[in-house]
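This report refers to the structure that appears directly beneath it.
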DNA sequence: TCACTTTTGTTAAATAGTTCACAATCTAAT
DNA sequence: ATTAGATTGTGAACTATTTAACAAAAGTGA
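Protein chains in written order, with UniProt numbering: chain A, 1 to 214; chain B, 1 to 214.
Encoded structure:
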């Protein structure tokens, strides 16, 4: 049913559209035009219309989009109708921040358990999520788990990912500053804060230069 | 001197190249070919050669690239020769994780101070970084600060960004799940973990479908 | 109902980014 | 020195993404 030819760039914007629509519905906004939505998100309105067009005609000419309808459609498209279970590996500060973040509320995604090496943490709970010993990971059956969030020190990221893969997990959100080397049936997304900060500083410096020299 | 026509996509890869080269130099690797570098980073070797070519001829035919030379070149290009000062706004778990992360070691970037609203935190230090009261932010002179890392709750992100802007900060790394609305002389990068997790789940589900239906 | 405005959905054009293909040229080994 | 092999740097082709332009359709209000 769903179109397989949705461009990557479009697919990556869907979660942002979805969350923004949730906000709009909450504040009681029932309709929105592509241009108003675009102003809000700082995305060109044509891009937004084109993105939606990959899924068929979701709006009405002369009217715009029904926020509730669009939100419901995106929820289905993003598979947010069924709960996605994820595990968190590495309960440091970043891991704790993610455990405290209520993914379930807006995304129908739940961190069902966490793993850590620290004996003081094992057996305790953070925000209602129980922490298990890291060495159980490789032997657990996690085939019902959609993805693992990796927040371990960089030196252990590859090893932890391999254990998670062995336990049946195929999706990874990697926060460690290293490129994971995994078989092709694994899918990895990489969030690298150091790289983001460096990129920010690079662009700041270069846009300043442009202004000075032009 | 530096080329202004470096594509955005290239510029965004430079920090990754730089960090990887640091690792290679550390383990004593003195030369690398674009194909070996590409295998390591999971980036096509042509893309790597083309990226470097925007800065001139950095390699040697039949030999490859000198890791030390390339790293030094990128350090200069990324303005890592001079220390970049940043501030952190919002000392929750995520903020604390970032304060504990030693940006200075690899990136010549230092979080020089932090702001928070919690009276219990104000005046204390986390990882050697002193925490100041949020209401000092608007009146402080932060014109020597390159960027602000925003790790405040979503409801206060816009307000905090405006105060930081008023204090003289123009660059923002925003971790709050909201689009900031700031004047055009501000530059914002957005890291949204919720969006990343949702995008991961979307891609996982759709690549599975493809495999089943093909 | 009619005239006029709004806004979508879409084709086509423009821009950006990646990959191919290969000449040029350097290395390395004899 | 010579030669075989390696590897860069780069135009050209290709692919992906964004933006422009506008006809078609629906809304709005008299």
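For every residue, glycine included, the Cβ atom is placed at its ideal position computed from N, Cα and C.
Backbone CA spacing between residue i and residue j [nearest angstrom]
{"i": "residue 26(A)", "j": "residue 94(A)", "result": "29 Å"}
{"i": "residue 8(B)", "j": "residue 159(B)", "result": "29 Å"}
{"i": "residue 52(A)", "j": "residue 78(A)", "result": "13 Å"}
{"i": "residue 39(B)", "j": "residue 98(B)", "result": "30 Å"}
{"i": "residue 105(B)", "j": "residue 35(A)", "result": "44 Å"}
{"i": "residue 146(A)", "j": "residue 128(A)", "result": "19 Å"}
{"i": "residue 163(B)", "j": "residue 115(B)", "result": "11 Å"}
{"i": "residue 167(A)", "j": "residue 150(A)", "result": "14 Å"}
{"i": "residue 197(B)", "j": "residue 62(B)", "result": "42 Å"}
{"i": "residue 156(B)", "j": "residue 86(A)", "result": "28 Å"}
{"i": "residue 204(A)", "j": "residue 193(A)", "result": "16 Å"}
{"i": "residue 161(A)", "j": "residue 148(A)", "result": "8 Å"}
{"i": "residue 217(A)", "j": "residue 28(B)", "result": "Lying before the first or after the last residue shown, residue 217(A) is absent from chain A, which here runs from 1 to 214."}
{"i": "residue 44(B)", "j": "residue 119(B)", "result": "51 Å"}
{"i": "residue 183(B)", "j": "residue 137(B)", "result": "18 Å"}
{"i": "residue 57(A)", "j": "residue 207(B)", "result": "24 Å"}
{"i": "residue 122(A)", "j": "residue 113(A)", "result": "11 Å"}
{"i": "residue 103(A)", "j": "residue 111(A)", "result": "8 Å"}
{"i": "residue 199(A)", "j": "residue 172(A)", "result": "23 Å"}
{"i": "residue 195(B)", "j": "residue 154(B)", "result": "14 Å"}
{"i": "residue 30(B)", "j": "residue 76(A)", "result": "51 Å"}
Any C-beta of chain B under 9 Å from that of residue i
{"i": "residue 124(A)", "result": "no"}
{"i": "residue 57(A)", "result": "no"}
{"i": "residue 117(A)", "result": "no"}
{"i": "residue 196(A)", "result": "yes"}
{"i": "residue 97(A)", "result": "yes"}
{"i": "residue 69(A)", "result": "no"}
{"i": "residue 27(A)", "result": "no"}
{"i": "residue 207(A)", "result": "yes"}
{"i": "residue 156(A)", "result": "no"}
{"i": "residue 104(A)", "result": "no"}
{"i": "residue 37(A)", "result": "no"}
{"i": "residue 92(A)", "result": "yes"}
{"i": "residue 73(A)", "result": "no"}
{"i": "residue 237(A)", "result": "Lying before the first or after the last residue shown, residue 237(A) is absent from chain A, which here runs from 1 to 214."}
Own chain partners of residue i with C-beta closer than 7 Å, once the 5 adjacent residues on each side are dropped
{"i": "residue 24(A)", "result": "32, 67"}
{"i": "residue 144(B)", "result": "85"}
{"i": "residue 92(A)", "result": "151"}
{"i": "residue 100(A)", "result": "127"}
{"i": "residue 96(A)", "result": "126"}
Inter-residue CB distance, residue i and residue j (contact presumed, cutoff 8 Å)
{"i": "residue 89(A)", "j": "residue 152(A)", "result": "6 Å"}
{"i": "residue 74(A)", "j": "residue 165(A)", "result": "No, residue 74(A) and residue 165(A) are not in contact; Cβ-Cβ is about 30 Å, not under 8 Å."}
{"i": "residue 69(B)", "j": "residue 6(B)", "result": "Actually they are not in contact, since the Cβ atoms of residue 69(B) and residue 6(B) sit about 19 Å apart, beyond 8 Å."}
{"i": "residue 202(B)", "j": "residue 11(A)", "result": "6 Å"}
Chain-order list of residues whose beta-carbon lies under 8 Å from that of residue i (same chain, five-residue window excluded)
{"i": "residue 41(B)", "result": "16, 17, 20, 48"}
{"i": "residue 125(A)", "result": "131"}
{"i": "residue 181(A)", "result": "158"}
{"i": "residue 214(A)", "result": "A caution first: residue 214(A) carries a pLDDT of 36, below 50, which makes its placement in the model too unreliable to give a value."}
{"i": "residue 22(A)", "result": "71, 106"}
{"i": "residue 141(A)", "result": "167, 168"}
{"i": "residue 139(B)", "result": "167"}
{"i": "residue 185(B)", "result": "170"}
is_contact[residue i, chain A] using C-beta, thresh 9 Å
{"i": "residue 19(B)", "result": "yes"}
{"i": "residue 191(B)", "result": "yes"}
{"i": "residue 48(B)", "result": "no"}
{"i": "residue 142(B)", "result": "no"}
{"i": "residue 152(B)", "result": "no"}
{"i": "residue 162(B)", "result": "no"}
{"i": "residue 166(B)", "result": "no"}
{"i": "residue 159(B)", "result": "no"}
{"i": "residue 171(B)", "result": "yes"}
{"i": "residue 199(B)", "result": "yes"}
Close beta carbons around residue i, own chain, < 6 Å, minus the five adjacent residues each side
{"i": "residue 117(B)", "result": "134"}
{"i": "residue 59(A)", "result": "65"}
{"i": "residue 108(B)", "result": "80, 83"}
{"i": "residue 190(B)", "result": "174"}
Beta strand (DSSP E) runs wholly inside the UniProt DNA-binding region "H-T-H motif" (16-55) of chain B, at least 3 long, in chain order
none
Counting only runs that start and end within the segment 136-210 of chain A, where is the alpha helix (DSSP H) found for 4 or more residues in a row?
154-166
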